[in-house]
Amino acid sequence: MLICYFTLPQTARAEVSIIGSSGSTIKIEKIAVFDEPWALTFINENDLLVSTKKGKLWLVKKDGTKFLIDGLPDITYGGQGGLGDILPHPNFSQNSLVYLSFVASENNGRTRGAKVIRAKLENLILRNHQLIWEQLPETKGRGHFSHRLAFGPAGSSHNGMLFISSGDRQIMDPAQSFDNNLGKIIRLHDDGRIPNDNPFKEMGFPANTIWSLGHRNVLGISFAPNNNLWANEMGPLHGDELNLISKGENYGWPIVSEGNHYNGKHIPSHSTNDKFTPPIRYWVPTIAPSSLAFMPIEEGKEWSGNAFISGLKSKAIFRLNIQDDQVIHEEKFYIGKRIRAVTISQDTTIGAIEDGGRGRLLKLKGEEGPE
Ligand SMILES: [Ca+2]
């Protein structure tokens, strides 16, 4: 039996305008409300999928009508984890495949790890679950799963490749060793097979799944319109990073950072060791970056090709104009609520979700300011 949760479309939904730090305006419209939403993604021009950390997956229509999706895997909720990211296959319109990341446990929560599955979404049911990837090893603790997902763009050398951010699970040191997949960005074929052109392929499993290493907690991973891969990373006490991700490079955690440990202990900066790739941009004090999305290139359209980063502690959305792989302008839109994620559709609609128990799904529309 299908259970549909129906929300009456509101005829006049309040729009709020927010002025950014450079004078641009975004109009914000509330679409729907969720209990601890974690990720959102467009599956076509009208429909969104929204995941909640407690383990629900929703199909959301343009007018805010919500339908609960059935057939989810067993999800272990708690701390920073539960149901995580959700991403349609690049050929979703033909094959109906969606990818989900979530936290699982083999021992009632004593140890935990992220997994990624794919499944066919048909008639509001996920069928034919296929395990694509799992965090190794499962460890104690309930933090730094990361588990954001991105697909390589069509026409690029990453066409059809799945990228997964895997957090350091708050153990730090594994990010620098090859006998695990924590603190890494992972690259796989869409069915989970390991590509032959990964940088550490000669080193066997799991090193052969690694694309880059030395990461802490990457909650944003996305391809720019020029097909370069970017990732934002939660720093320790301050020092959040925006990194340009290149094959086989080491981004330094926990040996170098632009922040200090929470106990105040100093961490040397990236500039002290040229073995490590420094961030293109870092933030002190922290913004707590929770996701990353790029606006498609569209001639004459405001914010064409810009990056958008959602912020938790900063309660803001950041717009970055990136040219030749450098941030040339940054504008902050203070929303006043912790923002868990932002996404952008092919037709340039911006969607965002707030963090927490009554997290709103928002539709954002921009108007460029004087800059
Ligand atoms: Ca770094």
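Residue numbers (our numbering): 836 to 1206. C-beta: ideal position from N, C-alpha, C; glycine also.
Do three or more CB pairs link the segment 1029-1046 to the segment 957-965 at distances below 8 Å?
Contact between the segment 1029-1046 and the segment 957-965 is absent, because fewer than three Cβ pairs lie under 8 Å.
If I follow the unbroken alpha helix (DSSP H) through F986, where does it start and stop?
Annotation for F986: no alpha helix (DSSP H) segment contains it, though the beta strand (DSSP E) segment containing it runs 981-986.
Rounded to the nearest angstrom, what separates G1146 and A939 at their Cα positions?
Rounded to whole angstroms, G1146 to A939 spans 26 Å at the Cα level.
May I ask you to list the residues that DSSP assigns as paired with R1154?
F1143, E1166, per the DSSP bridge assignment.
Ligand 1 heavy atoms versus the CB of E1134: any closer than 7 Å?
No, the Cβ of E1134 stays beyond 7 Å of every heavy atom of ligand 1.
Contact between the segment 861-873 and the segment 1190-1199 (3+ Cβ pairs under 8 Å):
Counting C-beta pairs with one atom in each stretch, the segment 861-873 and the segment 1190-1199 have three or more that are closer than 8 Å, which means they touch.
Return no unless some Cβ of chain B is closer than 8 Å to the Cβ of I1185.
Reference to chain B is not applicable here, since this structure consists of a single protein chain.
Answer yes or no: do T1044 and N1031 have a C-beta to C-beta separation smaller than 8 Å?
Not a contact, by the Cβ cut-off of 8 Å.
Alpha carbon of L1077 to alpha carbon of V1091, nearest angstrom
So the two alpha carbons sit approximately 15 Å from each other.
Give every residue of the same chain whose Cβ lies closer than 8 Å to the Cβ of N930, excluding the five residues on either side of it in the sequence, and list them in chain order.
Cβ neighbours of N930 within its own chain (closer than 8 Å, five residues either side excluded): H924, K955.
Are there any heavy atoms of ligand 1 lying less than 7 Å away from the beta-carbon of E1076, as far as the coordinates show?
Yes - ligand 1 has a heavy atom lying nearer than 7 Å to the Cβ of E1076.
Any idea what DSSP makes of K865, helix, strand or coil?
If DSSP states are grouped into helix, strand and coil, K865 belongs with the strands.
Work out the CA separation of W968 and G1027 for me, nearest whole Å.
Within the model, the alpha-carbon separation for G1027 versus W968 is close to 6 Å.
Following the continuous beta strand (DSSP E) through F998, name the residue where it begins and the one where it ends.
996-1001 is the span of the beta strand (DSSP E), which, as asked, contains F998.
According to DSSP, residues forming a beta bridge with D1075
Residue pairing from DSSP places D1075 in a beta bridge opposite W1118.
Within 10 angstroms of its Cβ, does A985 collect 16 or more other Cβ (buried), or is it exposed?
When all chains shown are included, A985 counts as buried.
Taking the alpha carbon of T1112 as the point to measure from, which residue in F1129, G1087, K1136 has its own alpha carbon closest?
Checking every option, the nearest Cα to that of T1112 belongs to G1087.
For the 8 Å Cβ check, are there 3 or more pairs between the segment 1156-1164 and the segment 847-856?
As far as the Cβ criterion goes, the segment 1156-1164 does not touch the segment 847-856, which means the pair count is below three.
Check the C-beta distance from K1148 over to A1128 and give it rounded, since I have them as a contact under 8 Å.
The Cβ separation is near 19 Å, so there is no contact.
What are the uninterrupted segments assigned as beta strand (DSSP E) that are 3 or more residues long and contained completely in the segment 1011-1045, given in chain order?
Within the segment 1011-1045, the runs of beta strand (DSSP E) that reach at least 3 residues and sit entirely inside it are, in chain order, 1019-1024.
In angstroms with no decimal places, state the Cα-to-Cα distance between G976 and K891.
Cα-Cα distance, rounded: 22 Å.
Going by DSSP, what residue range makes up the alpha helix (DSSP H) through Q929?
Here the alpha helix (DSSP H) through Q929 covers 927-930.
Can we count G1087 as close to ligand 1, meaning its CB is less than 7 Å from some heavy atom?
G1087: yes, Cβ under 7 Å from ligand 1.
Decide if N1016 is buried, meaning its Cβ has at least 16 other Cβ atoms within 10 Å, or exposed.
By the neighbour-count rule (16 or more Cβ atoms within 10 Å), N1016 is buried.
Look up N1095 in the DSSP assignment and give the residues it is bridged to.
N1095 is bridged to L1072.
Helix, strand or coil, according to DSSP, for P872 in the structure here?
Strand at P872.
Hey, could you find the ends of the beta strand (DSSP E) Q965 is sitting in?
That run of the beta strand (DSSP E) goes 960-969.
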